[in-house]
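For reference, the structure is listed below as structure tokens.
Protein chains in written order, with my numbering: chain A, 32 to 118; chain H, 23 to 113.
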């Protein structure tokens, strides 16, 4: 899992089956100091996050397991809204 | 698995139900000399690790699901599975 900051919303009317109704957000992966690490990505939201939120995501196969049904074509899912990080 | 340093805990009230009662820690991957290597990430703690501890982190979902035994729909990919006492890289 990794941290990210929600930058915006993606609207896609036509999607692969299984993704109907799924909310897609643009996320910038960051480190614990909220410094960007890597490129912007699109992620499925499971926790009603919004722009500006610090969130944590799960990637790869496990991203699909955050959704119901779980056998869907996604590789990044927002699974928590971060309240704080102690460093 | 990766050798990492525990940076610190992370709090999240709103999260996927699979993360209920799990401790989340930010971990920083290390090289063989103990220097930071690569970007930090988030892992659940299954070894009672603390800030600054050197730990072994499993970064693969199937292994995590075997540890947690919460079924096969758990969206968790990384877990701290051991505390490192020493690393010997020879001469």
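Here a beta-carbon is modelled for each residue, glycine too, at the ideal position from N, C-alpha and C.
Element boundaries [beta strand (DSSP E), containing residue i]
i, result
"residue 72 of chain A", "72-76"
"residue 96 of chain A", "Note, residue 96 of chain A: premise wrong, no beta strand (DSSP E); alpha helix (DSSP H) at 92-96."
"residue 80 of chain H", "76-80"
"residue 104 of chain H", "101-105"
"residue 64 of chain H", "63-67"
Per DSSP, the bridge partner or partners of residue i
i, result
"residue 60 of chain A", "A:35"
"residue 58 of chain H", "H:52"
"residue 109 of chain A", "A:76 and A:88"
"residue 27 of chain H", "H:50 and H:76"
"residue 116 of chain A", "H:32"
"residue 55 of chain A", "A:41 and A:75"
Extent of the continuous alpha helix (DSSP H) run through residue i
i, result
"residue 88 of chain H", "83-90"
Residue i (DSSP reduced to helix, strand or coil)
i, result
"residue 67 of chain A", "strand"
"residue 104 of chain A", "coil"
"residue 51 of chain H", "strand"
"residue 35 of chain H", "coil"
CB-CB length for residue i against residue j, believed under 8 Å
i, j, result
"residue 35 of chain H", "residue 114 of chain A", "6 Å"
"residue 98 of chain H", "residue 69 of chain H", "Not really, about 15 Å apart at Cβ, beyond 8 Å."
"residue 30 of chain H", "residue 46 of chain H", "In fact, because the Cβ distance is near 10 Å, the residues do not count as touching under 8 Å."
"residue 102 of chain H", "residue 77 of chain H", "5 Å"
Any non-hydrogen atom of the ligand NAP closer than 6 Å to residue i Cβ
i, result
"residue 50 of chain H", "Among the components of this structure there are no ligands whatsoever, and the ligand NAP is therefore not found."
Review point. Counting pairs of Cβ atoms below 8 Å between the region 43-57 of chain A and the region 67-85 of chain A, do you hit three or more?
Key: Between the region 43-57 of chain A and the region 67-85 of chain A there are three or more inter-stretch CB-CB distances shorter than 8 Å, so the stretches are counted as touching.
Check your understanding: Any contact of the region 94-105 of chain A with the region 48-56 of chain H, i.e. 3+ C-beta pairs under 8 Å?
Key -> No: the two stretches stay apart, fewer than three of their Cβ pairs being nearer than 8 Å.
Review point. Does the region 86-97 of chain A come close enough to the region 39-46 of chain A to have 3 or more Cβ pairs within less than 8 Å?
Key: Result no; under three Cβ-Cβ pairs closer than 8 Å.
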